[in-house]
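Notes for the one structure printed next.
There are 2 protein chains.
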Amino acid sequence: MRVLGVDPGTIVTGFGVIEDASGEARLVECGVTRAPAKQPIERRLLLIYEGLLDLLTRHRPNAVAVEEPFVVQAPRNAAMAVGEARAMALLAAAQHSLPVSQYPPTRVRATVANYGAGDKEQVRTALTLQLGVDLSAYPLDATDALAVALCHLRHAALDAMMGNERVTARGRR
Amino acid sequence: MRVLGVDPGTIVTGFGVIEDASGEARLVECGVTRAPAKQPIERRLLLIYEGLLDLLTRHRPNAVAVEEPFVVQAPRNAAMAVGEARAMALLAAAQHSLPVSQYPPTRVRATVANYGAGDKEQVRTALTLQLGVDLSAYPLDATDALAVALCHLRHAALDAMMGNERVTARGRR
């Protein structure tokens, strides 16, 4: 199984692709798409969208996992901007007929770093240990996206073990 | 000049295309894209996106105008959902290299119906008079989108009259 994880943002969108290699999670690629803040929003969204389509075409993942932000904390215009960036991941996934799962950050941290309160640095350290790759040089948005992908991989494995047919992590909308 | 107006929503997205025919605004097409609420959000967004691309390909407008919601009034998850739907219009416009203008509803109503407090019904009546077409059978989301398109056409005409090179109605983000 191969998963594309996305941490959406209208300025920086993190992405991470991991795969399950006989029970071990393996890093395929991770990085960020930076959309210049002075560009109009539609150009930035196009850049994010094209970057994601390129990843889907090159890596052919089986699923897309997206970080669902804490909307309660964010100001409404920030919530709308996150919605716009996240929509690029949802659209790209739908165009490739891939299932999309969304995970709130607390769930990602609880799954990947064993507790929900871990900060981004702790998540990166946990990922370094679990993937066996030094991730210290990667931007935190990239490792956050990788964490979402790993979170989905772990839940999918757990689900398979428990005989569930589908991962049902997806929140109701 | 031909303008595509969009009133974005994740369940119902209104669209309206109008053109300037020697100083008179003329209705080209208007309607709604309904995305079944029980479908996952990514399928709904794909439907909206494909509908908009189809309109852009068939009508080749010179500009896209999008209704900018009152984010202060909307709950944050509603704001995020509107952001997602609006992102489809922004992306489709960027892919066709079209300029995008965003107008808040008060500005649309003030331009089209002469006062900001008009309700959707009053906007529809004002449009019926200005376009010379009976719009009573159209859904209000469709006529709202038409109103955004007309608002842009009026501002563009005013701008041209005043010698401005570009319409600068776009809000800062």
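Taken in order, these protein sequences are the chains called A and B. Start counting the first sequence at 29; every next residue gets the next number (our numbering). Start counting the second sequence at 29; every next residue gets the next number (our numbering). Ideal Cβ placement from N, Cα and C applies to all residues, glycine included.
Problem set entry | Inter-residue Cα distance where the pair is A138 of chain A and A175 of chain A | 10 angstroms
Exercise. Does the distance from the C-beta atom of R30 of chain B to that of R88 of chain B stay below 8 angstroms?
Worked result: Against a cut-off of 8 angstroms, the Cβ pair of R88 of chain B and R30 of chain B comes out as a contact.
Exercise. Using a Cβ-Cβ distance under 8 angstroms, would Y77 of chain A count as near chain B?
Worked result: yes
For this session: Rounded to whole angstroms, what's the CA-CA distance from H124 of chain B to D187 of chain A? Just pull it up for me.
Result: 42 angstroms
Problem set entry | Cα-Cα separation between Q130 of chain B and C58 of chain A, rounded to whole angstroms | 34 angstroms
Exercise. Would you call the CB atoms of V140 of chain B and P36 of chain B closer than 8 angstroms?
Worked result: no
Problem set entry | Exposed unless 16 or more other CB atoms sit within 10 angstroms - verdict on M116 of chain A | buried
For this session: Could you check the C-alpha separation between M108 of chain A and T85 of chain B for me, to the nearest Å?
Result: The C-alpha of T85 of chain B is placed about 27 angstroms away from the C-alpha of M108 of chain A.
For this session: Find the nearest neighbour of E52 of chain A within the set A:G44, A:R71, A:T38, A:G160, judged by alpha-carbon distance.
Result: Looking only at A:G44, A:R71, A:T38, A:G160, the smallest Cα-Cα distance to E52 of chain A is reached by A:G160.
Exercise. Got a sec? Which residues, its chain only, sit under 6 angstroms from Q150 of chain A by beta carbon, not counting five neighbours each side?
Worked result: Answer for Q150 of chain A: A141, listed in chain order.
Exercise. Which of the three DSSP states, helix, strand or coil, is assigned to L126 of chain A?
Worked result: coil
Problem set entry | G191 of chain B in three-state terms, based on DSSP | Shown here, G191 of chain B sits in coil according to DSSP, grouped into three states, outside any helix or strand.
For this session: Note down, in chain order, every chain B residue with its Cβ under 9 angstroms from the Cβ of R137 of chain A.
Result: Those within 9 angstroms of R137 of chain A in chain B number zero; the least Cβ separation is about 21 angstroms.
For this session: Return the chain-ordered list of same chain residues with a C-beta closer than 8 angstroms to the C-beta of Q77 of chain B, the five sequence neighbours on each side being excluded.
Result: The residue you asked about is not Gln; residue 77 of chain B is Tyr in the sequence shown. Result list for Y77 of chain B: M116, L119, A120, in chain order.
Exercise. How big is the Cα-Cα spacing for L75 of chain A and G44 of chain B?
Worked result: The alpha-carbon of L75 of chain A is positioned some 27 angstroms away from that of G44 of chain B.
Problem set entry | Rounded C-alpha distance that separates G33 of chain B from N105 of chain A | 21 angstroms
Problem set entry | Where the segment 107 to 122 of chain B meets chain A: residues whose CB sits under 8 angstroms from a CB there | Correct list: A107, M108, A109, V110, G111, E112, A113, R114, A115, M116, L118, L119, A121, A122.
Exercise. For chain B, is any of its Cβ atoms less than 8 angstroms away from the one on E70 of chain A?
Worked result: yes
Exercise. CB G42 of chain A to CB A173 of chain A, shorter than 8 angstroms?
Worked result: With respect to A173 of chain A, G42 of chain A sits close: the two C-beta atoms are nearer than 8 angstroms.
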